[in-house]
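Chains as they are written, first to last, in the numbering used here: chain P, 1 to 174; chain Z, 175 to 535.
Each residue gets a CB set at the ideal place from its N, CA and C atoms; glycine is no exception.
Scroll down for the structure; my scribbles are underneath it.
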Amino acid sequence: MLKMFSESFKNLFSKPETVLYPFEPSPEPKNYRGVIFYNEELCIFCDKCEDICPPGSILFEVVDVESNKKEYNYNPYLCIYCGACVEACPKADEGCLTQEKDRMPALAGSGEQVYKNEKLGYFINRTKSAKNLDFQWREIENKTKESREKLAQHKALKRKQKQEALKAKKASSE
Amino acid sequence: MANKITVTFGSQHIAIPEPVSFVFETENEIITKVDVDVGYVHRGIEQAAVTKFKYTNVHYLLARVCGFCSITHAGAYVHAVEKLIGVETTKKIDYLRTLVVELDRIHSHLLANGHVAEVCGYENLFMQTVKYRESCMKLLEDITGNRVQYDYYTIGGVSRDLTTEIEKSIKNTLNELRKNTIKLMEFFETDYTLGLKTRNIGKITTDFAKKMNCVGPIARASGLKTDARAEFDFLPYEELGYKTQLRSEGDVWARNMVRFDEVLNSIEICLNVVDGLDEGDVKVKVRGKPKGETFIRVEAPRGECFYYLKGNGTNIMERVRIRVPTYANVPVLRELFVGSKYSDAQAIVLSFDPCLSCTAR
């Protein structure tokens, strides 16, 4: 009992253990799992990150069916920051997908503004207002689904044309 | 003359950190009848695991079942899937997994003991405990990259390796933490007032613990030798210096002391891991999809956690069933209340360290 009393007495005069956060900096640790950065130039569009993402916060929308061009959409406000995508990325060593130690600023209280960065992908950089961000993301989800169906149809059509061309060739040679 | 009053304890109560509801029928401060409801935070995670998620990322979902034992749930799932696919992990992977699991146990146990001190009226001791626990949390943040959701387990390995810098800080921090834990233990052991609130209160005998199928520190405090770490070899505990900690008193105080003993043992295990770590890769290649059914039992901080998995060779599991330690301990908690004073109810509940977000899922 005396020991505890003396410990309490010592604690009265010792420094506080907590950090006065808004007035003092409270930096993230060195290996903190923060926001995901993307480099389009290095991407090979294998879609492995999209497949593994648990909440589905990475989506590749097919923009052009002919050339199979895809756009990387990332929603940092849906992301759970598990780092699975970076592990799955075959080009992660070269810096295609990297996990930085920065955090995204909170949406609440930011008004209409959204923090934008080129490396965050198309979705965040194209949004005009922070309101209804989840609604805007749902639109992207629907668009992606549609574009994938279109791509599948296009591929099936091409395959058919190829087969027909082959048949025609065979017929003409015979 | 007996004066019957019905008192509700929870679902929101200042002593309980999580939503559980007890309705006590009391007769002159003595509890005569108890009703328990544990289903306040049901989120349908088991159903989501078999419909919305592929087997490769179910463990990220299951880690979010609970904040304290996130590594246990993810770990249990990964161990079971590896069993189904037939992956053999290396010694280094096993060691790193053990390190994070044990660090998780340390911070969970320290907080549980701090909570008991808080509801007994020792806000001061609670703060002191949490202050010491913070060093362990910082260590976990350095190793895994997050304070609560570690996401350290991946199928066939772990997500990142230790650097020499972190190894050094683990050794320093844990040696410091060991001293602090012994200091805290002395407070709990010798303090007279805390003893009045914890000793001989909420007593469970060995036979009763056996009859009610207690698990975890609650069973071990009653002298019942049960620990999944000793019974199953999901991680190499035997070679890392694991010892089962037993106490025979079976009261609130003994449960706290068992937790402290386990913290000291876990610190030793962590130091052994750092000493015996090999060089090498932290991942092995995984091929194939889970097919067939299996179960696994792992030791969560609160006791034995049971997982049943069924796969059908596709990307989505057919069944994921979880039985968590708190669910096994609720019946004995209910029996224990009958005959004890209402003023002791808070200390009894918190000495069980209930985790309701695990229980309801």
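query: is_contact[P:Gly83, chain Z] using C-beta, thresh 8 Å; result: yes
query: CB contact below 8 Å: Z:Leu451 versus chain P; result: no
query: 8 Å Cβ cut-off: residues of chain P touching Z:Tyr234; result: Pro54, Ile80, Cys82 and Ala84
query: CB contact below 8 Å: P:Pro29 versus chain Z; result: yes
query: Within-8 Å CB hit, P:Lys150 to chain Z; result: no
query: Selection from Z:Val426, Z:Tyr229, Z:Val456 and Z:Thr347 that minimises the alpha carbon distance to Z:Cys444; result: Z:Thr347
query: Sub-8 Å separation of Z:Ala519 and Z:Phe511 beta-carbons; result: yes
query: Candidates Z:Tyr366, Z:Lys463, Z:Phe469 and Z:Thr533: closest to Z:Gly330 by CA position; result: Z:Lys463
query: Closest residue to Z:Lys384 among Z:Arg373, Z:Lys371, Z:Thr400 and Z:Leu370 (Cα-Cα distance); result: Z:Thr400
query: Exposure of Z:His247, with buried meaning 16 or more beta-carbon neighbours within 10 Å; result: buried
query: For Z:Tyr501, the three-state DSSP class (helix, strand or coil); result: helix
query: Expected contact under 8 Å - CB spacing of Z:Tyr482 and Z:Arg493 to nearest Å; result: 7 Å
query: Amino acids of chain Z, ordered along the chain, whose beta-carbon sits closer than 8 Å to that of P:Glu87; result: Thr328 and Ser333
query: Within chain Z, partners of P:Met104 - CB distance below 8 Å; result: Under the 8 Å cutoff, chain Z gives no residues; its nearest Cβ is about 15 Å from P:Met104.
query: Whole-Å CB distance - Z:Val448 paired with Z:Ile344, under 8 Å assumed; result: 5 Å
query: Coil, strand or helix - Z:Gly462 by DSSP; result: coil
query: According to DSSP, residues forming a beta bridge with P:Gln99; result: P:Ile36
query: For P:Cys46 and P:Cys85, believed in contact at Cβ under 8 Å, the rounded distance; result: Not quite, the Cβ-Cβ distance comes to about 12 Å (not below 8 Å), so this is no contact.
query: Z:Thr180 classed as buried or exposed, judged by whether at least 16 other C-beta atoms fall within 10 angstroms; result: exposed
query: Cut-off 7 Å between Cβ atoms - residues of its own chain near Z:Tyr516, not counting five sequence neighbours on either side; result: Val181, Phe198, Thr200, Glu203 and Ile205
query: Against chain P: residues of the segment 442-474 of chain Z by CB proximity under 7 Å; result: none
query: Cross-chain neighbours of P:Arg33 in chain Z, by beta carbon under 7 Å; result: Gly319 and Asn320
query: Counted within 10 angstroms of its Cβ, other Cβ atoms place P:Gly83 as buried (16 or more) or exposed; result: buried
query: Inter-residue Cα distance where the pair is Z:Asn439 and Z:Tyr416; result: 7 Å
query: The segment 295-311 of chain Z / the segment 279-287 of chain Z touching (three or more Cβ pairs under 8 Å); result: yes
query: Other residues of its chain near Z:Phe434: CB distance less than 8 Å, five sequence neighbours each side excluded; result: His283, Asn287, Thr355, Leu358, Met359 and Phe362
query: Proximity to Z:Leu285 [Cα-Cα], best of Z:Lys305, Z:Glu412, Z:Leu270 and Z:Thr272; result: Z:Lys305
query: Reduced DSSP secondary structure (H/G/I, E/B, other) of Z:Asp316; result: helix
query: Proximal residues of chain P, C-beta to C-beta of Z:Glu350 below 7 Å; result: Residues of chain P passing the Cβ test: none, with the nearest at roughly 14 Å.
query: Below-8 Å beta-carbon distance, P:Glu17 vs any chain Z residue; result: yes
query: Buried versus exposed call for Z:Asp452 [16 or more other C-beta atoms within 10 Å across all chains shown]; result: exposed
query: Residue interval of the beta strand (DSSP E) (run including Z:Asp211); result: Ile204 to Asp211
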